[in-house]
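Participant: Residue numbers (our numbering): 211 to 509. Cβ coordinates follow ideal geometry from the N, Cα and C atoms, glycine included.
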Amino acid sequence: MTAHRIRINLSSQTLELRDQQGTLLATYPVSTAAKGAGEVQGSYQTPRGKHIIRAKVGAGQPANAVFVARRPTGEVWTPALGEQFPDRDWILTRILWLSGKEPGFNRRGSVDTMRRYVYIHGTPETTRLGQLGSHGCIRMDNAQLIDLFDRVEPYTPVDIVEFLVQPGSWGQLGLEAFAVREKVFIQEQAVPAEMELDEFDPISRHVLARTADGQPIGTGRLLADGHIGRLAVVAEWRGKGVGQALMDRLLDLAREAGITRLALHAQTQAAGFYRRFGFVESGEEFMEAGIPHVLMVRA
Numbered sequence: 211m212t213a214h215r216i217r218i219n220l221s222s223q224t225l226e227l228r229d230q231q232g233t234l235l236a237t238y239p240v241s242t243a244a245k246g247a248g249e250v251q252g253s254y255q256t257p258r259g260k261h262i263i264r265a266k267v268g269a270g271q272p273a274n275a276v277f278v279a280r281r282p283t284g285e286v287w288t289p290a291l292g293e294q295f296p297d298r299d300w301i302l303t304r305i306l307w308l309s310g311k312e313p314g315f316n317r318r319g320s321v322d323t324m325r326r327y328v329y330i331h332g333t334p335e336t337t338r339l340g341q342l343g344s345h346g347c348i349r350m351d352n353a354q355l356i357d358l359f360d361r362v363e364p365y366t367p368v369d370i371v372e373f374l375v376q377p378g379s380w381g382q383l384g385l386e387a388f389a390v391r392e393k394v395f396i397q398e399q400a401v402p403a404e405m406e407l408d409e410f411d412p413i414s415r416h417v418l419a420r421t422a423d424g425q426p427i428g429t430g431r432l433l434a435d436g437h438i439g440r441l442a443v444v445a446e447w448r449g450k451g452v453g454q455a456l457m458d459r460l461l462d463l464a465r466e467a468g469i470t471r472l473a474l475h476a477q478t479q480a481a482g483f484y485r486r487f488g489f490v491e492s493g494e495e496f497m498e499a500g501i502p503h504v505l506m507v508r509a
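1) Whole beta strand (DSSP E) runs in the region 418-505 with 3 or more residues, listed along the chain?
2) Would you decide whether residue 399 is buried or exposed? Buried here means 16 or more other CB atoms lie within 10 Å of its CB.
3) What whole-angstrom Cβ distance do residue 310 and residue 324 have, given they're in contact under 8 angstroms?
4) Please report the distance separating the alpha-carbon of residue 297 from that of residue 342.
5) Select from 295, 409, 267 the residue whose C-alpha is nearest the C-alpha of residue 282.
6) Measuring only the C-alpha atoms, how far is residue 489 from residue 286?
7) Tell me the rounded alpha-carbon separation between residue 299 and residue 322.
8) Please state whether the Cβ-Cβ distance between residue 429 and residue 445 is less than 7 angstroms.
9) For residue 211, report the span of its alpha helix (DSSP H) as first-last.
10) Please say whether residue 302 and residue 328 have beta carbons closer to each other than 7 angstroms?
11) Please report the Cβ distance between residue 502 and residue 494, rounded to the nearest whole angstrom; I am assuming they are in contact, meaning their Cβ atoms lie under 8 angstroms.
12) Measuring alpha carbon to alpha carbon, tell me which of 213, 371, 261, 350 ends up nearest residue 233.
13) Apart from the five residues just before and just after residue 487, which ones in its own chain have a Cβ nearer than 6 angstroms to its Cβ?
14) Do the region 253-264 and the region 375-392 meet, that is, are 3 or more Cβ pairs less than 8 angstroms apart?
Here's what the structure looks like:
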């Protein structure tokens, strides 16, 4: 297993670097495709989904070194060189070459990310980051790219997503959060409605995942005593990194609040998911709302 993972958010135009247990190490502004998200060859769009860093190219090259077909040309970008060749799509400094992991979606055939030559790469200082603008790749500031390049290793997971995760109070997020919980817990898992809402909701910190068009797709909460609960993702968005993003944000909130010990009641079938964040089982399995659970803790 690699030491890090990356999430690129097309909605916020940011790249997050985290360790495997979810600790946020750095956030960088990026620029992805001007034509939006898409996986098809020739679309000039940025692919979504699960990827890895397949290769690292350019170690030791100077900042602003120019690459063509992943080889340094010997040029170093300057404003004067940019004016001389105004139509070139500049690939500078370093290259992190991405490969899709989802056959039929971003791997193989006409949707293969690697064969589309989609990179995380450096860009001229005149490029405006934090907004759409590339031809499909992920553009970064050159100094920040060098920092990222030196931290990560080949096969580092890279998730490219379009949803956003927002923290807030129950007053701010409660209606949408409950809509998700109602779908998942009450309708799907047959949890009694009277058990779903409790006295802890108004005093907890909540997180809500929304699609690019604002639809709520996932939620979770953090109590002041460090208990994480009510983590839920609607069925059609499972397996797309939403649960991981919700947990990451809840762990961020815990760190910001100075909480050093976390606990949760995991549905037994989901224990493996929480182990990835450093939680370990503590005690015997028990029943809660008619569903097998186990206490898990993280120091």
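Facilitator: Put simply:
1) 426-432, 437-443, 472-477, 496-498
2) Walking along the sequence shown from the start, residue 399 turns up at place 189. The residue is exposed, with fewer than 16 neighbouring Cβ atoms inside 10 Å.
3) Translated into the one-based positions of the sequence shown, residue 310 becomes position 100. Translated into the one-based positions of the sequence shown, residue 324 becomes position 114. That belief holds up - the Cβ atoms of residue 310 and residue 324 are roughly 7 angstroms apart, short of 8 angstroms.
4) Working through the sequence shown from its first residue, we reach residue 297 at position 87. Working through the sequence shown from its first residue, we reach residue 342 at position 132. Going by the C-alpha atoms only, they are around 17 angstroms apart.
5) Taking the sequence shown and counting its residues from 1, the one referred to as residue 282 is at position 72. Checked all of 295, 409, 267; the closest Cα to residue 282 is 267.
6) Start at 1 with the first residue of the sequence shown, and residue 489 comes out as number 279. Start at 1 with the first residue of the sequence shown, and residue 286 comes out as number 76. Residue 286 has its alpha-carbon roughly 47 angstroms from the corresponding atom of residue 489.
7) Here residue 299 corresponds to residue number 89 of the sequence shown, with the count starting at 1. Here residue 322 corresponds to residue number 112 of the sequence shown, with the count starting at 1. About 21 angstroms.
8) For the purposes of this step, residue 429 is taken as residue 219 along the sequence shown, with counting starting at 1. For the purposes of this step, residue 445 is taken as residue 235 along the sequence shown, with counting starting at 1. Not in contact: residue 429 and residue 445 (Cβ atoms no closer than 7 angstroms).
9) Counting from one through the sequence shown, the residue named residue 211 turns up at place 1. Careful: residue 211 lies outside any alpha helix (DSSP H) and carries neither H nor E.
10) Numbered from its first residue, the sequence shown carries residue 328 at position 118. Numbered from its first residue, the sequence shown carries residue 302 at position 92. No, these two residues do not count as a Cβ contact at 7 angstroms.
11) Translated into positions along the sequence shown, residue 502 becomes position 292. Translated into positions along the sequence shown, residue 494 becomes position 284. Actually they do not touch by this definition, with Cβ atoms about 10 angstroms apart.
12) The residue labelled residue 233 in the question sits at position 23 within the sequence shown. Minimum Cα distance to residue 233 is reached at 213.
13) Numbered from 1 along the sequence shown, position 277 holds the residue referred to as residue 487. Result list for residue 487: 231, 232, 457, in chain order.
14) no
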